[in-house]
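Comments concern the structure below.
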Amino acid sequence: MNEGFRGVLKFSGGVFVLAVFAIVLSKNLDAVRLVFSIDPVQLLLLLALTVVMFVINGLLIKYMMTVFDIQLPFSEYFGLGILTSIGNYVLPLRGGASLRAVYLKKKFKFPYKTFVSTLMGMYILVFCVYGGIGFLASIFQQFLNGGTVLMLPAFYLALFLAPLAFIVFHPKTGFARVDLVFDGWGEIKRSRVFPTLILVEVFDALARVFLMYAIFFSIGVEISFSYVVFVTVVNVFSLFINILPANIGVRELVITLASQAGGASVEAGLAVALVLRGTEVLGLMLCSPFALRIFRGSR
């Protein structure tokens, strides 16, 4: 596809998403009231959980670099994670990853192609972990409730099995981006830290689920645990809809729709999305000195 045409499509899609988000928000202003009804102590706990997630994200960066025998101290891997997240807000199309790539290239001579392939290879692990956790959570919920609805378990099982099928057959497609995924995955799975990466990814997923549950609880909305997992999974995979900086608008609409599937109102789903966005921004502001140090080191 012509790059210019692709750019026009992304711009048009971004404008459309923002317009829809603005309309939804204007018609559901009670969501804002729900946000401001959160107890300050609970808000501080949500902020603390968000920072914990930043630390776990930093650990993923640390062990991804360990695959290539690059050792990063806490201040560096944590700062790189924060810099990446801030960059996603201020640069188009998830530009935070580009900042991280530039830093690693300048300091460690880490090749851009290897960076991209490793990042894309991690997507296989992400799909497997979230698919596995979602499948177990939905089966456990149905066991408790005596239900027989197979839609959620089937959805998660597909998420889990699809990347496994690619891993087993490992086809060479001739498409550069797809082959990069397999190249990156090969580097990751051969590494001695592969089990550690799996463990950290699982902790990251569980932390995201717990944070989502805590947000629903803080605004007084009851929703089953299996649907909290569903909202979390859909939120994570909304990151692949790469049309706006930090997925502003996209993530909010996706969380709202996913929450409705679990029986929450539009206002409640929107409030959850706004709280998640707000705690993320506050957390990034709080941790920004770490990112500033990394940014200065990359210049």
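For the sequence shown, the numbering used here assigns the number 841 to the initial residue and increments by one for each residue that follows. For every residue, glycine included, the Cβ atom is placed at its ideal position computed from N, Cα and C. Since the structure is predicted, the reported quantities are computational estimates derived from the model, not experimental observations.
Spell out a yes or no on whether the segment 1045–1060 and the segment 1114–1123 are touching, meaning 3 or more CB-CB pairs, one atom from each, closer than 8 Å.
Touching, yes, given that three or more Cβ pairs across the two stretches are closer than 8 Å.
By the three-class DSSP mapping on this structure, what secondary structure does G1102 have?
Judged by DSSP in its simplified three-state form, G1102 adopts coil rather than helix or strand.
Assign Y952 to buried or exposed, taking buried as 16 or more other Cβ atoms, counted over all protein chains shown, within 10 Å of its Cβ.
So Y952 ends up on the exposed side.
Buried or exposed for K902, please, with buried defined as at least 16 other CB atoms from any protein chain shown within 10 angstroms of its CB.
Around the beta-carbon of K902, 16 or more other beta-carbon atoms lie within 10 Å, marking it buried.
With H, G and I counted as helix, E and B as strand and the rest as coil, what does DSSP make of S877?
The DSSP-derived three-state label of S877 is coil.
Hey, which unbroken runs of the alpha helix (DSSP H) at 4 residues or more fall wholly within the segment 941–985?
Fully enclosed alpha helix (DSSP H) runs of 4 or longer: 952–985.
Whose C-alpha, out of P1035, I1007, R1032, V875, is nearest the C-alpha of D1023?
Taking the Cα of D1023 as reference, the smallest distance to any Cα among P1035, I1007, R1032, V875 is reached at I1007.
Look at the Cβ atom of G1109, then the Cβ atom of L1097, and state whether they are nearer than 9 Å.
In this structure, L1097 lies closer than 9 Å to G1109 by Cβ.
Enumerate in chain order the residues of its own chain whose CB-to-CB distance from S915 is below 8 Å, with the five nearest sequence positions on each side excluded.
Within the same chain, F1130, R1133 come within 8 Å of S915 by CB-CB distance, once the 5 residues on both sides are set aside.
According to DSSP, simplified to helix, strand and coil, what is L1142?
Nothing about residue 1142 can be read from this structure; the chain reaches only from 841 to 1139.
So, under 8 Å CB-CB, L886 and L1051 are touching, yes? Tell me the CB distance rounded to an integer number of Å.
In this structure L886 touches L1051 by the C-beta definition: roughly 7 Å separates them, less than 8 Å.
With a threshold of 16 other CB atoms inside 10 Å of the CB of A1005, please say whether the residue is buried or exposed.
Label assigned to A1005: exposed.
Please report how far the alpha carbon of Y929 lies from the alpha carbon of V1076, in whole angstroms.
Those two C-alpha atoms are separated by around 16 Å.
Less than 9 Å separating the beta-carbons of D1095 and L858?
A small fix is needed here, since residue 1095 is Ile in this sequence, not Asp. Here I1095 is not near L858, since their CB atoms are 9 Å or more apart.
Of all Cβ atoms in chain C, is any one closer than 9 Å to the Cβ of R1133?
Although the question refers to chain C, the structure presented lacks it and comprises just one protein chain.
Using C-beta distances below 6 Å, list every residue in its chain close to T1036, excluding the 5 sequence neighbours before and after it, in chain order.
Answer for T1036: Y903, listed in chain order.
Measure from the alpha carbon of N1063 to the alpha carbon of each residue in A998, G936, Q981, L1046, then state which is nearest.
Residue identity differs from the one stated: residue 1063 is Ile in this sequence, not Asn. Nearest neighbour of I1063 by Cα position, chosen from A998, G936, Q981, L1046, turns out to be Q981.
State the Cα-Cα distance for the pair V848 and V855, rounded to the nearest angstrom.
Their Cα atoms are separated by approximately 11 Å.
Between the CA atoms of V1061 and Y996 - distance to the nearest angstrom
Approximately 24 Å between the Cα atoms of the pair.
Please report the straight-line C-alpha distance between I896 and V1040, rounded to a whole angstrom.
I896 and V1040: Cα-Cα distance of roughly 7 Å.
For G919, report the span of its alpha helix (DSSP H) as first-last.
From DSSP, the alpha helix (DSSP H) with G919 extends over 914–930.
Looking only at its own chain, which residues have a Cβ that is under 8 Å from the Cβ of S1128, when we skip the five neighbours before and after it?
Counting only Cβ-Cβ distances below 8 Å, and skipping sequence neighbours, we find I922, I926.
Distance, I1083 Cα to L965 Cα:
Roughly 23 Å separates the two Cα atoms.
Specify, as a first and last residue, the run of the alpha helix (DSSP H) that S1066 falls within.
That run of the alpha helix (DSSP H) goes 1065–1077.
Close Cβ partners of F950 (< 6 Å) along its chain, the five nearest in sequence each way excluded:
So the list reads L944, once near-sequence residues are dropped.
Buried or exposed for S866, going by 16 or more other Cβ atoms inside 10 Å?
Of the other Cβ atoms in all chains shown, fewer than 16 fall within 10 Å of the Cβ of S866; this residue is therefore exposed.
Span of the alpha helix (DSSP H) around V1044:
Contrary to the premise, residue 1044 reads as Asp rather than Val in this sequence. Counting along the chain, the alpha helix (DSSP H) containing D1044 begins and ends at 1034–1058.
Out of R1136, A1113, F1135, which one is the CA nearest neighbour of V872?
The shortest Cα separation from V872 among R1136, A1113, F1135 belongs to A1113.
Candidates V1115, R1136, L1093, of which the one nearest F863 by Cα
What sits at residue 863 in the sequence shown is Ile, not Phe. Nearest Cα to I863 within the set V1115, R1136, L1093: L1093.
Does the distance between the C-beta of L1093 and the nearest non-hydrogen atom of the ligand GDP fall short of 8 Å?
The ligand GDP is not among the ligands present in this structure, which contains no ligands whatsoever.
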